[in-house]
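For the sequence shown, UniProt numbering assigns the number 1 to the initial residue and increments by one for each residue that follows.
Written out below as structure tokens is the structure these notes cover.
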Amino acid sequence: MTPLAISPPSSTPEPDMSSIPQDAATVPHSATPQVLTVCIYINKQANMGPNLERKKIQHLPDHFGPDRPSVVLQQAVQGCIDSAFQQKTVFTLLTQGYGGEKISATFDGKQHLLSLPVVNSIDYVLRFLKKLCRSLHCENLFSDQPFAQRSVQASFGGTPLPAGRHLMVWIFSFLLRRSMETRCCC
Numbered sequence: 001m002t003p004l005a006i007s008p009p010s011s012t013p014e015p016d017m018s019s020i021p022q023d024a025a026t027v028p029h030s031a032t033p034q035v036l037t038v039c040i041y042i043n044k045q046a047n048m049g050p051n052l053e054r055k056k057i058q059h060l061p062d063h064f065g066p067d068r069p070s071v072v073l074q075q076a077v078q079g080c081i082d083s084a085f086q087q088k089t090v091f092t093l094l095t096q097g098y099g100g101e102k103i104s105a106t107f108d109g110k111q112h113l114l115s116l117p118v119v120n121s122i123d124y125v126l127r128f129l130k131k132l133c134r135s136l137h138c139e140n141l142f143s144d145q146p147f148a149q150r151s152v153q154a155s156f157g158g159t160p161l162p163a164g165r166h167l168m169v170w171i172f173s174f175l176l177r178r179s180m181e182t183r184c185c186c
């Protein structure tokens, strides 16, 4: 028995908005189309691997979106390209899509453009980014949920936190120091 080829999910074209009146006030609320929006969060504490520059990742926003899936995908991929040591490295991992948002990279003395595939779901965005990040050796860079470390960091006065297994030790010592400071009557 031969295995079946797995093809990407078929994408549904964006709805035709030309027949919708420009003034939304004239249309009953239930008649306005609901546009899917997604938000992708960036784990700025993730291992950036050999291709992405941590300093440039730190300058990216904490999240892309909420916006249409195709726009959020474009922003995330463009963020990876812009944060790369060599833009060509990221750009050459991508294949030409049709009808999606455009990304650009500058290398070999000129600007290169590429269309991403049309995207209509958060699942496709996450799978696409996971595959790209695996190729760049920077897994866990993106998520559809905020990263816990951000909220933990905020509760510690914005103090930068260590990554990985040292986090619990750091939190324990931070809390111990804080409790010692509050006991001191001087």
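For each residue, glycine too, the CB sits at the ideal point set by N, CA and C.
Predicted model only: the values in this text are computed from it and were never measured.
- Should Arg137 be labelled buried (16 or more other beta-carbon atoms within 10 Å of its own) or exposed? For the purposes of this step, residue 137 is identified with residue 137 of the sequence shown, where counting begins at 1. A small fix is needed here, since residue 137 is His in this sequence, not Arg. Exposed.
- Does the region 62-72 touch the region 122-134, meaning 3 or more C-beta pairs lie closer than 8 Å? By the Cβ criterion, the region 122-134 is in contact with the region 62-72, since at least three pairs of Cβ atoms, one from each stretch, lie closer than 8 Å.
- Given Pro28, which residues of its chain have a CB within under 8 Å of its CB, disregarding the five upstream and five downstream residues? Counting from one through the sequence shown, the residue named residue 28 turns up at place 28. Low confidence applies here, because Pro28 scores a pLDDT of 46, under 50, leaving its location unreliable and the question unanswered by this model.
- Task: Closer than 7 Å by C-beta to His63: which residues in its own chain qualify, once you throw out the five before and the five after it? Chain order, please.
- Result: Indexing the sequence shown from 1 puts residue 63 at position 63. Around His63: Cys39, Ile40, Tyr41, Ile42.
- What distance in whole Å lies between the Cβ atoms of Gln87 and Phe107, which are believed to be in contact at a cut-off of 8 Å? Mapped onto the sequence shown, residue 107 falls at position 107. Mapped onto the sequence shown, residue 87 falls at position 87. Rounded, the Cβ-Cβ distance is 5 Å, consistent with contact.
- Closest by CA to Met48, which one among Ser83, Pro61, Gln75? By 1-based counting over the sequence shown, the position of residue 48 is 48. That would be Ser83, whose Cα lies nearest to the Cα of Met48.
- Query: For Phe64, does the three-state DSSP call read helix, strand or coil?
  - Reply: What you label residue 64 is simply residue 64 of the sequence shown in a count that begins at 1. In the structure shown, Phe64 sits in a strand (DSSP, three-state: E or B).
- Does DSSP put Arg165 in a helix, in a strand, or in coil? The sequence position of residue 165 within the sequence shown is 165, counting from 1. Caution is warranted here: a pLDDT of 49 is assigned to Arg165, below 50, making its placement in the model unreliable, and no coordinate value can be reported.
- Query: Hey, out of Gln111, Ala46, Thr92, Ile57, whose CA is closest to Gln75's CA?
  - Reply: In the sequence shown, counting from the first residue as 1, residue 75 sits at position 75. Closest option to Gln75, Cα to Cα, is Ile57.
- Message: Helix, strand or coil for Ala46? Go by DSSP, reduced to three states.
- Response: Translated into the one-based positions of the sequence shown, residue 46 becomes position 46. It is coil, neither helix nor strand.
- Message: For Ile81 and Gly100, I'd like the C-alpha separation in whole angstroms.
- Response: Within the sequence shown, the letter at position 81 stands for residue 81. Within the sequence shown, the letter at position 100 stands for residue 100. C-alpha separation (whole angstroms): 17 Å.
- Query: Roughly how many angstroms lie between the CA atoms of Phe85 and Gly65, to the nearest whole one?
  - Reply: One-based indexing of the sequence shown puts residue 85 at position 85. One-based indexing of the sequence shown puts residue 65 at position 65. When the Cα atoms are used, Phe85 and Gly65 turn out to be separated by approximately 25 Å.
- Message: Quick check on Ala148: buried or exposed, where buried means 16 or more other Cβ atoms within 10 Å of its Cβ?
- Response: The residue labelled residue 148 in the question sits at position 148 within the sequence shown. Per the 10 Å Cβ criterion, exposed.
- Rounded to whole angstroms, what's the CA-CA distance from Arg150 to Gln111? Just pull it up for me. As a working note, residue 150 is residue 150 in the sequence shown. As a working note, residue 111 is residue 111 in the sequence shown. Reliability fails at Arg150, whose pLDDT of 47 lies under 50, so the model's placement of it is uncertain and the value that follows must be treated cautiously. When rounded, the distance between both Cα atoms is 35 Å.
- Task: Kindly give me the distance between the Cβ atoms of residue 187 and Asn120, rounded to whole angstroms, as I take these residues to be in contact under 8 Å.
- Result: Residue 187 falls outside the range modelled here, since the chain spans only 1 to 186, and no answer is possible.
- Ser104 and Leu93 look like a contact to me (Cβ under 8 Å); what is the Cβ gap, rounded to whole Å? Numbered from 1 along the sequence shown, position 104 holds the residue referred to as residue 104. Numbered from 1 along the sequence shown, position 93 holds the residue referred to as residue 93. That belief does not hold up - the Cβ atoms of Ser104 and Leu93 are roughly 15 Å apart, past 8 Å.
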